[in-house]
Each structure stands twice: as structure tokens, then as C-alpha cells.
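Heads up, the thing below is written out as C-alpha cells.
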Amino acid sequence: MDHTYVEEHDLLEAYLAERLSAEERDSFEAHYFSCETCLERLEAAEGLREGMRRVAAEDLAQAVAVRAQLGFLAGLAALSRRHRFALAGAFLLLAALPAGWLIERNRRLERQLTETAAASERQRTALEARLESLEETGTGDRRRLTEELAREREARATTPQLTQPQINVPLFLLAAVRSGESAGREPVSQIPLSKSTGSVILTAELATVDYPAYRAVLRTADGREIWQAGSLHPDSRDALVLLLPASMLEPGTYRLTIEGARKDGKVFPVAAYPFRVIEPT
Amino acid sequence: MNEADAARPSSDPSAELVHRILSGEPTAEAELVQRFSRALSFLTRRLARDEAAAEDLYQETFRRVIEKVRDGELREPEKLPGFVSSMARNLFLGSIRRTGRRQQWQGDPEATETFPDPAPGQLTKLLARERAATVRHVLGELKNDRDREILSRYYIADENKDDICRDLGLTDLHFNRVLFRARQRYKELFETRREAARESRRA
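Protein sequence lines, in the order shown, are assigned to chains A and B.
Position one of the first sequence corresponds to residue 1 (our numbering), numbered consecutively onward.
Position one of the second sequence corresponds to residue 1001 (our numbering), numbered consecutively onward.
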């Protein structure tokens, strides 16, 4: 069982809800014992599930307590005046007893507050010192970024840019395949591109949006990488929309692979979109 | 597994670890515990429910796994993760069979351990209260009532995902998104609270 299979079959939630067969459950347990991503998600989902149940239980207990309180007030209203005064006196006595304790507690809390304020002041001073050192480092970074920007501008000047609006740019929705499914098969997505086509738009819809960023890699049938980009974010329909120059896509079979990138830099395969570029008939 | 096998290098990290244990490398067993500690802790808490019982199951699982690996009883070293998880489950099921009482781990019958109290301990209660507070925070941040309803029906009423989607006219994708966001937010809040607790302990 690999990570892609777990995601595609939504095994995580099914496992927590105990809806997996014994065989699937054992395989998934073996998987998350060596997959940190799945384990992290399981911990978060289980915590949420248990917390939801606890919240529901607390709300129920509170509702029962309110009902009991209403019953008590109704009983109080039925008492005679003398009894009501006696009961009120008892309540006042009960309220006065913890007052001394509360005053002492208040003093203790004030002391803690003063100590915390002093600690915050120390922390602020340390942070200011750190900020100063970071500013010094920042000067070097700024110089490097300026150089990079100059190089970027130079590269852009030598690359032909789109200056005119383009009409009827071909748009294709790519079909995803499961891992291992596409080997040796003809891709479902067929893209007719004539030599006169300037650009082509490819849309890859993601089944789930589980990563902070994504990486797209376009390869030929023999595995040669012809384009790749990182730090991609899906649009509001959870799709990645790519505008590619048609000259990049000679007739043949291609595979667009989308990988999810975690904050720690690790990447995991999310989906693959094989397609064939053909000459229009 | 024989000694020749033990000496053979392997590219699989689990198999490599098993070979190192068989070769008598002193740090290898500690590494095994470190590698599977979090996952085993999660599984044992799920199985035993009570913190103390889960802790006993956790200890016993590692004891048995290390014993069996040392004796060369793990025939497919690359399946070490599955071996550890199934060992925990088997020990738990064995305990249930012996006692006939679910959710109470009683440890190794040969060991002379004291049996844990089946009632939830103070730590379990405290953790549950903290979890509830975090979830209240998450619920407070949900944008609309429908999202809250999704979570309640799914996590509290244990309703089927397809049924909820059909009733509320939702796509599978929207459902997953609500669950994902709630889980992410929960994780962030949980981490923040844990970090704050660590800080206060240090202070």
C-alpha cells in the first residue's frame, strides 16, 4: 500500500471510523507505521473526532444541569417566606467562606502577573537584539536579490513575450489516472495541436487539496523532463491551470505529474495526467 | 534468518535496521523504539482507550518485537512496520480473549504486572478536556452552520460520508475540504497549546 493509494481511497477517515476490512486495516496500519504524513493526519483527525465527542458530551451535561436548575428554582418559589429567608442566609454564609481564599488567590495572581511582565520585558530586549543582527544579515540578502532581479530582467528581455491578445486559445481538461494504471495504455486525453497554434491551456483538477503547495512536472513518454514548476497553488475550483507554448509539445505522449509539497520540503505524488498530442485531422 | 543474511547489507531501511539488531549493534534497538514510538503510541491508545492500559500495551509490544527480532523470527525484515503494528493488535486481542472484557489490556499473562484500573485516569480526563477546548475553538472558526453540521454528523453521529453529502447536496470535494480545514486548524491549535505548555514547564 503506498501513499497515493491511501489518498485516492480515502483510507484515513475510513480507518478512524472502523469501516475498513481487517485486511485493509492491517495494511494501512503497516503503512502509517512508516509514513509520517499519514501518522500526522491520523493524529489530527483522531484528536478532532475525540474532541467533537467530548464537546457533545459536555453540551449534553450542561443542558441537563440547566434543566435541574430550573426545577430547583421552581421548588424555591413554592417555599414559605420564612423558609426562603433561612435558605438565603445559608447561601450568604456559603458565599462568604471562600471570599478569603479568593482574596489570597488574587494577590498570588497579581504577583505572577508582575513576574510575567518582567519576563516579557527581558524577552523583548532579546528579540530587539536578534532583530538588529537579522537586519545586518538582510543587507547581504538584499544585495543578492537585486542581482537576481537584474538577471531575471535580462532573461525576460531576451525571451519573446505575449504582447497581443490571443483568441480561441485551445483549452483541454486533463483526465487523471491512478498510480500504476497508465502503464502501456493509450492516454484518454488526446490534444490536437496544429503548427500554427501559439499556446495551449491545460487544466488539471485535483481530487483533494491537502498540501500547502504543489509542483508540476511535464515529461515525455521516455521520461525526459521538459518543464517543471514549483510553489503552485490550485485555483478556487481546486484546479491547476497551465498555459504552455504549443511549440513545447511536439506530437507524442506526455505525462504531467502533480506532486504535493509539505512545509518541510518533502514532496509526495498526488496525481498523474497522461495525454497525447496529435496533429489535427 | 541466518547469520549470513544478517551480515548482508540492505537498501530497505527496515531491513537494514533488523540486520543491525541481529548484528548486535548497541544503538539499533533504541532506534527501532524511536522510529515506531509515535505510531505505536497512536495505535495502542486507539486500541486500549485508557492511557495507563495503552502505556502497558506499548511497552509489552516493544518488548516482544525486540525479542523476536533478536531471535531471528522476523522472516521478512522489510515488513518490520507491519510486524510491530500487528504485534500490538495481536497482544490486545489476546488479552480480550483471555479476559472477555473489551478495552482492558491486562498485559502479559506471564508477567507479574499490576492491572490498570479500567476507569479513565486523571490524565485521560485532563487530555479529553483540553481536546474539547481546542475543538470548541475550531468550531468557533468555522464559517457556516453547514460545516458544523458536517463535522457533527460525521464525527459524533458516525454517519456515512455519502449519506451526509446526499442530504446536504454536497460534492465529495467540498466534504473533504471541510474535514481537511478543520483537521489542519485543530492541528495548529494543538501544536500551539503544546508548545505553550512546554514553555511554561521550562519557565
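By construction, the Cβ of each residue, glycine as well, lies at the ideal position given by its N, Cα and C atoms.
When DSSP builds the beta bridges, which residues end up paired with residue i?
| i | result |
| --- | --- |
| A:Val200 | A:Leu244 |
| A:Arg215 | A:Glu259 |
| A:Val169 | DSSP, once it has assigned bridges, lists no residue as partnering A:Val169. |
| A:Glu23 | Paired residues: none, contrary to the question. |
| A:Phe268 | A:Gly260 |
| A:Gly252 | A:Val277 |
| A:Pro192 | A:Ile278 |
| A:Val209 | Answer by DSSP bridge pairing: none, since A:Val209 is not bridged. |
| A:Leu232 | A:Tyr214 |
| A:Ile177 | Note on residue identity: the sequence assigns Val, not Ile, to residue 177 of chain A. A:Val177 is bridged to A:Ala272. |
| A:Ala239 | A:Glu205 |
What residues of chain A sit near residue i, judged by a beta carbon separation below 7 Å?
| i | result |
| --- | --- |
| B:Thr1061 | Chain A residues near B:Thr1061: none, gap ~11 Å exceeds 7 Å. |
| B:Lys1187 | Ala44 |
| B:Arg1131 | Gly47, Glu50, Gly51 and Arg54 |
| B:Arg1136 | Val55 |
| B:Phe1190 | Gly47 |
What in chain A is Cβ-close to residue i, meaning under 9 Å?
| i | result |
| --- | --- |
| B:Ala1028 | Going along chain A, no residue has its Cβ under 9 Å from B:Ala1028, so there is no contact; the nearest lies around 16 Å. |
| B:Leu1043 | Glu29, Tyr32 and Phe33 |
Does the CB of residue i have a neighbour CB from chain A at under 8 Å?
| i | result |
| --- | --- |
| B:Asp1158 | yes |
| B:Tyr1058 | no |
| B:Gly1169 | no |
| B:Asn1176 | yes |
| B:Ser1152 | yes |
| B:Gln1103 | With a pLDDT of only 46 at B:Gln1103, under 50, the local geometry of the prediction cannot be trusted, and no value is derived from it. |
| B:Arg1038 | yes |
| B:Ala1128 | yes |
| B:Arg1198 | no |
| B:Phe1092 | no |
Hey, is residue i's beta-carbon within less than 8 Å of any beta-carbon in chain B?
| i | result |
| --- | --- |
| A:Leu296 | For residue 296 of chain A there is no data in the structure shown, the boundaries of chain A being 1 and 281. |
| A:Tyr32 | yes |
| A:Val277 | no |
| A:Thr208 | yes |
| A:Asp238 | yes |
| A:Thr114 | no |
| A:Leu97 | In this prediction, A:Leu97 has a pLDDT of 49, which is less than 50 and means its spatial position is unreliable; what the coordinates show is noted afterwards. Closer than 8 Å: no. |
Run down chain B in chain order and give the residues with a C-beta less than 8 Å from the C-beta of residue i.
| i | result |
| --- | --- |
| A:Arg41 | Arg1183 |
| A:Asp26 | Gly1082, Ser1085, Ser1086 and Arg1089 |
Is residue j closer than 8 Å to residue i when the C-beta atoms are compared?
| i | j | result |
| --- | --- | --- |
| A:Pro274 | A:Pro187 | yes |
| A:Ala150 | A:Leu193 | no |
| A:Phe28 | A:Val6 | yes |
| B:Val1084 | B:Leu1057 | no |
| A:Ile258 | A:Val277 | no |
| A:Leu174 | A:Ser189 | yes |
| B:Ala1196 | B:Val1138 | no |
| B:Leu1091 | B:Arg1064 | yes |
| A:Gln166 | A:Ser199 | yes |
| A:His3 | A:Cys35 | yes |
| B:Asn1176 | A:Thr208 | yes |
| A:Ile201 | A:Val169 | yes |
| A:Leu218 | A:Ala239 | no |
| B:Arg1089 | B:Leu1047 | yes |
| B:Ala1206 | A:Glu58 | With chain B covering 1001 to 1203 only, the question about residue 1206 of chain B has no answer from this structure. |
| A:Asp26 | B:Gly1082 | yes |
| A:Val55 | B:Val1135 | yes |
| B:Arg1045 | B:Ala1054 | yes |
For residue i, which residues in chain B fall below 7 Å Cβ to Cβ?
| i | result |
| --- | --- |
| A:Ala17 | Asp1158 |
Between residue i and chain E, is any beta-carbon pair separated by less than 8 Å?
| i | result |
| --- | --- |
| A:Glu29 | Considering every chain present, this structure includes no chain E. Its protein chains are A and B. |
Determine the chain A residues that contact residue i at a beta-carbon separation under 8 Å, and present them in chain order.
| i | result |
| --- | --- |
| B:Leu1173 | Ala207, Thr208 and Asp238 |
If contact is defined by three or more beta carbon pairs under 8 Å, each pair taking one atom from either stretch, is the segment 256-273 of chain A in contact with the segment 1024-1042 of chain B?
Cβ pair count under 8 Å is below three, so no.
Does the segment 213-223 of chain A come close enough to the segment 1013-1021 of chain B that 3 or more CB-CB pairs lie under 8 Å?
no
Quick one: any contact between the segment 39-53 of chain A and the segment 1180-1195 of chain B, if contact means 3 or more CB pairs under 8 Å?
Taking a contact to require three or more Cβ pairs closer than 8 Å, the segment 39-53 of chain A and the segment 1180-1195 of chain B qualify as touching.
I want to know whether the segment 1148-1166 of chain B touches the segment 46-60 of chain A - three or more CB-CB distances under 8 Å.
The count of Cβ pairs closer than 8 Å, one atom from the segment 1148-1166 of chain B and one from the segment 46-60 of chain A, reaches three, so the stretches are in contact.
Using a Cβ distance threshold of 8 Å, determine whether the segment 14-23 of chain A contacts the segment 1062-1076 of chain B, with at least three qualifying pairs required.
no
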